[in-house]
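A.B. asks: Start counting the sequence shown at 1343; every next residue gets the next number (the numbering used here).
Glycine included, every Cβ here is placed at the ideal spot set by N, Cα and C.
I'd like to ask some things about the structure below.
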Amino acid sequence: WTLDSADDKLPDGLVLSSSGVISGKPTNDAKSSSFNIRVSDNNGNGSTAVTKFTINIVANLPGKVTSITKYQGGDGYIDLEWVAPTSSSPIIGYSINYSKPSGESNDDGEGSEESKGSINTTTTATTFRIPDLKNGLNYTIYISARTAGGTGAPSDPVQARTGGKPQAPNYVTATKSKTG
């Protein structure tokens, strides 16, 4: 058995034996993808059979972050701590997504727009501080682990409220009262 043409390539880490067996383990840096190959078998009597195959590689994504153990707000920030998920590939960082519910009023009297963000860490540490948040607001937070193969499923959401002094309002309205 041989690969039918120079254009047919197996994923890195896999080999085709002369008996037609594909074996090996795709390299850890392989992302999810499909490979279409053709192999030829010269049966010894002068005829050649060509067979087409599709090899699907599924990346080893990390498991779901199942336990966010700390989510405490402070003056313009929220501190997080979580338990690393299981993963057969090395975790290279985390994606932290947060949002303020649409329509929740900011302390400055404004607040129909949604405030959201996403931060990708490049460390395996399981603690993080989300900075630069508005005080006195509830935020919904999800955390996902990342490997070279991709991002795992997001955690169940947690709610955390920033603390600190409320921010001064952007505007003040005064009306004259009638007396006596």
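1. Determine the extent of the beta strand (DSSP E) in which Asn1398 is found, giving its start and end residues.
2. Please look up how many angstroms separate the CB atoms of Ser1437 and Asn1462, rounded, as I've assumed it's under 8 Å.
3. Can you give me the Cβ contacts of Ser1409 inside the same chain, cut-off strictly under 7 Å, excluding the 5 residues immediately before and after it?
4. Give me whichever residues DSSP pairs with Ser1486 in a beta bridge.
5. Which residue marks the beginning of the beta strand (DSSP E) containing Ala1495, and which one marks its end?
6. Am I right that Ala1502 and Tyr1481 are in contact with their C-beta atoms under 8 Å? What's the rounded C-beta distance?
7. What does a CB cutoff of less than 7 Å around Leu1345 pick up in its chain, not counting 5 residues either side in sequence?
8. Give the straight-line distance between the Cα atoms of Tyr1413 and Leu1422, rounded to the nearest whole angstrom.
9. Could you check the C-alpha separation between Pro1404 and Ala1467 for me, to the nearest Å?
10. Go ahead and label Ala1487 buried or exposed: buried means 16 or more other beta carbons lie within 10 angstroms of its beta carbon, across all protein chains shown.
11. Under a three-way DSSP split, which group does Ala1578 fall into?
C.D. replies: Taking the geometry as given:
1. Element bounds for Asn1398: Thr1390 to Ile1399.
2. 5 Å
3. Trp1424 and Val1425
4. For Ser1486, the pairing in a beta bridge is given by DSSP as Ser1437.
5. From DSSP, Ala1495 is part of no beta strand (DSSP E); its letter is neither H nor E.
6. Contact between Ala1502 and Tyr1481 holds, with the beta-carbon distance rounding to 6 Å and staying under 8 Å.
7. Leu1358, Ile1379 and Val1381.
8. 5 Å
9. Approximately 15 Å between the Cα atoms of the pair.
10. buried
11. Any answer about residue 1578 is impossible in this case: the structure gives the chain only from 1343 up to 1522.
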